[in-house]
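>
Numbering (full-length UniProt numbering), first residue to last: 1 to 363.
1) Among all the DSSP beta bridges, which residues are the ones paired with residue 282?
2) Does DSSP classify residue 200 as helix, strand or coil?
3) Alpha helix (DSSP H) containing residue 315: first to last residue?
4) Quick check on residue 247: buried or exposed, where buried means 16 or more other Cβ atoms within 10 Å of its Cβ?
5) So, under 8 Å CB-CB, residue 79 and residue 318 are touching, yes? Tell me the CB distance rounded to an integer number of Å.
6) Using the DSSP secondary-structure output, state which residues sit across from residue 207 in a beta bridge.
7) Under DSSP, the alpha helix (DSSP H) around residue 82 begins and ends at which residues?
8) Closest by CA to residue 133, which one among 201, 109 and 307?
9) What three-state label does DSSP hand residue 45 in the structure shown?
10) Taking residue 339 as the reference, which of 330, 321, 115 and 332 has the closest Cα?
11) So is residue 371 buried or exposed if we call it buried at 16+ other beta carbons inside 10 Å?
12) Quick one: any contact between the segment 231 to 250 and the segment 156 to 165, if contact means 3 or more CB pairs under 8 Å?
13) Candidates 188, 187 and 173: which alpha carbon is nearest residue 181's?
14) Should residue 234 go down as buried or exposed, given a rule of 16 or more other Cβ atoms within 10 Å for buried?
15) Quick one: using the 10 Å Cβ neighbour count with 16 as the cut-off for buried, is residue 60 buried or exposed?
16) I'd like to know if the segment 265 to 276 and the segment 49 to 63 are in contact, where contact means that at least 3 CB-CB pairs between them fall below 8 Å.
17) Rounding to the nearest angstrom, what Cα-Cα distance links residue 120 and residue 49 in this structure?
18) How would you label residue 274, buried or exposed, when you count the other beta carbons within 10 angstroms and need 16 or more for buried?
19) I think residue 314 touches residue 103, with their Cβ atoms under 8 Å apart; what is that distance to the nearest whole Å?
20) Can you grab the Cα-Cα spacing for the pair residue 243 / residue 111, in whole Å?
21) At which residues does the alpha helix (DSSP H) containing residue 243 begin and terminate?
22) Tell me which residue opens and which closes the alpha helix (DSSP H) that residue 290 is part of.
23) Who are the near neighbours of residue 225 in its chain, counting only those whose CB is closer than 7 Å to its CB and skipping five residues on each side?
24) In chain order, which continuous runs of the alpha helix (DSSP H) of length 4 or greater are located wholly inside the segment 214 to 270?
25) Among the residues of its own chain, which have a CB less than 6 Å from the CB of residue 306, if the five just before and after it don't count?
26) If you drop the 5 nearest sequence neighbours on each side, which residues of the same chain put their C-beta closer than 6 Å to that of residue 76?
27) With 16 as the cutoff for other CB atoms within 10 Å, does residue 149 come out buried or exposed?
28) Within 10 angstroms of its Cβ, does residue 252 collect 16 or more other Cβ (buried), or is it exposed?
29) Rounded to a whole number of angstroms, what is the C-alpha to C-alpha distance between residue 284 and residue 138?
30) Got a sec? Which residues, its chain only, sit under 7 Å from residue 141 by beta carbon, not counting five neighbours each side?
Next comes the structure, spelled out in structure tokens:
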């Protein structure tokens with residue numbers, strides 16, 4: 001009389017006691033591949049993309065001048081000036097922080113380059129480089145103070161905002177006697193710097209501002225940084241949970257300081273565009289623009305709580321801003337409604353982003 005051999009683990013005995021048939025492993029929800037639709041919805045910028053298409057179709061329909069190539073170039077220019085700053089602001093938000101001084105920091109950078117060049121009677125590139133150093137120093141100061149005090153970045157950068165706003169006006173009056181800087185258009189190096197920061201190129205018979213190309217280049221670099229580098233992983237980690245990030249070896253302090261310095265670098269570049277576009281700088285400009293940068297980032301899918309977002313999103317958010325600001329003009333609508341429209345877009349973006357995230361994560 002023979003004894004039945006026990007079935008190996010992971011198999012089911014056959015009714016006849018013959019060789020065991022392997023059982024199918026139980027499905028684990030963590031290993032299931034999401035559908036293409038949910039993977040698309042999981043992208044932070046998908047809500048902004050749908051909104052951009054809708055805005056474009058509206059103005060394409062109601063404003064005939066909006067359809068012209070020259071009008072598109074103007075829209076892209078408006079979007080690029082905001083979008084260049086919206087990129088580092090978005091990265092900082094993904095890292096879990098804010099910078100309310102970003103708007104006036106642009107003016108501070110332009111004023112620094114202009115007044116140093118004029119007062120020292122040096123090549124304008126000297127002022128440009130010194131302005132870059134100063135802008136990076138302001139960003140580093142914001143990050144350092146955040147780390148040393150533990151205060152919310154909202155309060156720290158609000159203080160920096162007030163300091164820069166007052167200094168812009170007071171220092172400009174001391175050196176020039178009025179609220180604007182002296183013209184530097186006849187100084188050495190101006191023509192070369194103008195071509196780099198405020199020049200135009202012809203594309204298909206249409207003159208396009210060079211800031212559009214810089215904007216797209218910076219967007220590509222920011223996307224590569226977020227998705228293909230270790231520093232990009234650090235940004236998401238510190239924005240999601242800085243304590244957990246620090247526990248696994250992420251240099252939280254270094255990451256946050258670098259992100260604030262990135263905002264400083266963006267403010268410097270846009271400030272140089274401002275300076276070399278108009279030759280002089282009004283010391284009171286820039287107030288309130290920080291909210292436009294944050295709006296572009298939020299419309300693009302960045303969360304106010306940090307840890308979520310992309311570099312493509314703020315590009316689309318800035319494009320929506322450009323289409324709305326110019327589309328209202330081309331459609332002969334009352335421009336007083338512009339800020340109201342931005343407010344509606346912000347609320348809709350927040351609701352759409354919430355719905356998209358819930359839909360994408362639902363099993």
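Where a beta carbon is used, it is the ideal one built from N, C-alpha and C, also for glycine.
On the basis of the supplied data:
1) In DSSP, residue 282 forms a bridge with 180.
2) Looking at residue 200 - three-state DSSP - the assignment turns out to be strand.
3) That run of the alpha helix (DSSP H) goes 312 to 330.
4) Counting Cβ neighbours within 10 Å, residue 247 comes out exposed, since fewer than 16 surround it.
5) Contact holds; Cβ gap of about 5 Å.
6) The beta-bridge partner set that DSSP reports for residue 207 consists of 202.
7) For residue 82, the enclosing alpha helix (DSSP H) stretches over residues 69 to 94.
8) Among 201, 109 and 307, the Cα nearest to that of residue 133 is on 109.
9) In this structure, residue 45 counts as coil in the three-state DSSP scheme.
10) When only C-alpha atoms are compared, the closest one is 321.
11) The first residue shown for the chain is 1 and the last is 363, placing residue 371 beyond what the model contains.
12) Touching, no, given that fewer than three Cβ pairs across the two stretches are closer than 8 Å.
13) Looking at 188, 187 and 173, the one whose alpha-carbon comes closest to that of residue 181 is 173.
14) Classification for residue 234: buried.
15) The residue in question, residue 60, is exposed, as its Cβ has fewer than 16 Cβ neighbours within 10 Å.
16) Output reads no: the segment 49 to 63 does not touch the segment 265 to 276.
17) Taking the straight line joining both Cα atoms gives about 48 Å.
18) Looking at its Cβ environment, which holds 16 or more other Cβ atoms inside 10 Å, residue 274 is buried.
19) The Cβ separation is near 15 Å, so there is no contact.
20) In a straight line, the C-alpha of residue 243 is about 39 Å away from that of residue 111.
21) Its alpha helix (DSSP H) spans residues 242 to 247.
22) Unbroken alpha helix (DSSP H) run through residue 290: 289 to 299.
23) 231 and 232.
24) Runs of the alpha helix (DSSP H) inside the segment 214 to 270: 230 to 240 and 242 to 247.
25) The answer, listed in chain order, is 96 and 239.
26) So the qualifying residues of the chain are 212.
27) It is exposed - the Cβ of residue 149 has fewer than 16 other Cβ atoms within 10 Å.
28) Classification for residue 252: buried.
29) Going by the C-alpha atoms only, they are around 18 Å apart.
30) Nothing meets the Cβ criterion.
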